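Numbering (our numbering), first residue to last: 2 to 61.
Here the structure is laid out as structure tokens; the discussion comes afterwards.
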């Protein structure tokens, strides 16, 4: 489990000066585990990371 759940985030500056933040799709990663509870956890983590991503894209 510990190998699958690190939520690695990559932050990089593009040539034009914009910042790009990327992360793995934890829902897809957790599909390799044959356990519905773990797969559900992957969905939850993906949802949290998408909220972070959306807030970074927000102009608020």
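All residues carry an ideal CB built from backbone N, CA and C; glycine is no exception.
Fair warning: this is a prediction, and the values are worked out from it, not measured in the lab.
Endpoints, the alpha helix (DSSP H) within which residue i is located
i: residue 62; result: The displayed coordinates of the chain run from 2 to 61. Any statement about residue 62 would go beyond what the structure contains.
i: residue 37; result: 37-58
i: residue 31; result: 27-31
Inter-residue Cα distance where the pair is residue i and residue j
i: residue 59; j: residue 25; result: 20 Å
i: residue 34; j: residue 47; result: 16 Å
i: residue 44; j: residue 18; result: 32 Å
i: residue 11; j: residue 40; result: 23 Å
i: residue 23; j: residue 56; result: 14 Å
Integer Cβ distance of residue i from residue j, believed to fall under 8 Å
i: residue 8; j: residue 42; result: With 8 Å as the limit, residue 8 and residue 42 do not qualify as a contact, their Cβ atoms being about 12 Å apart.
Whether residue i touches residue j by CB criterion (8 Å)
i: residue 21; j: residue 15; result: yes
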